[in-house]
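Colleague: Pasting a structure here, questions to come.
In mature numbering (1 follows the signal peptide of the UniProt record, and there is no 0), the protein residues as written are -22 to -1, 1 to 145.
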């Protein structure tokens, strides 16, 4: 009986001390500027990176978010992405952004997800009705009308949308 009590105690201690912590590893370099030509390249995590000694300010720069896009399409919105395709220095940094222009008469950014990213939306002008659907069994809609200067967060992986309610 005493041996069984000892084994039970040992088992409980083993379970309690086997906690696992998981996170992304720290980067091995400050940045990894993406390049298409592998000459003068460094391989990091299977990606081709520009030699850090050859990086310039232009590898971390984009111009054009001040220019609105035409919204006369079927959904009444237009996205200007700023990701690694526009700024090669974003490669491996885990961040990007976008400008979304909405038609004045009810533009929509249709329901969509970002499976590996949280989205933060800032309203610079006008009004937006935004929301996301929870993934719990209730599939609850969490929505709000935003105005100039408001910020809203869409949690990672959840279906979300933005709509300009002005008619």
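Cβ coordinates follow ideal geometry from the N, Cα and C atoms, glycine included. Keep in mind it's a predicted model, so treat the numbers as computed, not measured.
Please confirm whether residue 93 and residue 135 have their CB atoms less than 7 Å apart.
Modeller: One-based indexing of the chain shown puts residue 93 at position 115. One-based indexing of the chain shown puts residue 135 at position 157. Closer than 7 Å, so yes.
Colleague: Would DSSP call residue 12 helix, strand or coil?
Modeller: As a position in the chain shown, residue 12 is number 34, starting the count at 1. If DSSP states are grouped into helix, strand and coil, residue 12 belongs with the strands.
Colleague: Comparing alpha-carbon positions, which option in 78, 8 and 41 lies nearest residue 97?
Modeller: Here residue 97 refers to the residue found at position 119 of the chain shown. Of the listed residues, the one whose Cα sits closest to residue 97 is 78.
Colleague: Quick check: the Cα distance between residue 63 and residue 119, rounded to an integer number of angstroms?
Modeller: Counted from its first residue, the chain shown places residue 63 at position 85. Counted from its first residue, the chain shown places residue 119 at position 141. The straight-line gap separating the alpha-carbon atoms of residue 63 and residue 119 is approximately 33 Å.
Colleague: Grab the span of the beta strand (DSSP E) containing residue 105 for me, first residue to last.
Modeller: Within the chain shown, numbered from 1, the residue matching residue 105 stands at position 127. Run containing residue 105: 105 to 111, per the beta strand (DSSP E) assignment.
Colleague: Evaluate contact between the region 55 to 75 and the region 29 to 37, counting only Cβ atoms and requiring at least three cross-stretch pairs below 8 Å.
Modeller: yes
Colleague: Need the endpoints of the beta strand (DSSP E) that residue 92 sits in, please.
Modeller: Along the chain shown, one-based indexing puts residue 92 at 114. Segment: none, residue 92 is in no beta strand (DSSP E) and carries neither H nor E.
Colleague: State the Cα-Cα distance for the pair residue 91 and residue 100, rounded to the nearest angstrom.
Modeller: Residue 91 sits at position 113 when you count from the first residue of the chain shown. Residue 100 sits at position 122 when you count from the first residue of the chain shown. So the two alpha carbons sit approximately 18 Å from each other.
Colleague: With distances taken Cα to Cα, identify the nearest neighbour of residue 86 among 43, 71 and 140.
Modeller: In the chain shown, counting from the first residue as 1, residue 86 sits at position 108. It is 140 whose Cα lies nearest to the Cα of residue 86.
Colleague: Would you kindly work out how many angstroms separate the C-alpha atoms of residue 122 and residue 107, rounded to a whole number?
Modeller: As a position in the chain shown, residue 122 is number 144, starting the count at 1. As a position in the chain shown, residue 107 is number 129, starting the count at 1. C-alpha separation (whole angstroms): 6 Å.
Colleague: Roughly how many angstroms separate the alpha carbons of residue 59 and residue 17, rounded to a whole number?
Modeller: Here residue 59 corresponds to residue number 81 of the chain shown, with the count starting at 1. Here residue 17 corresponds to residue number 39 of the chain shown, with the count starting at 1. Approximately 28 Å between the Cα atoms of the pair.
Colleague: Under 7 Å between the Cβ atoms of residue 124 and residue 132?
Modeller: Against the chain shown, residue 124 aligns to sequence position 146. Against the chain shown, residue 132 aligns to sequence position 154. Taking 7 Å as the Cβ cut-off, residue 124 and residue 132 do not qualify as a contacting pair.
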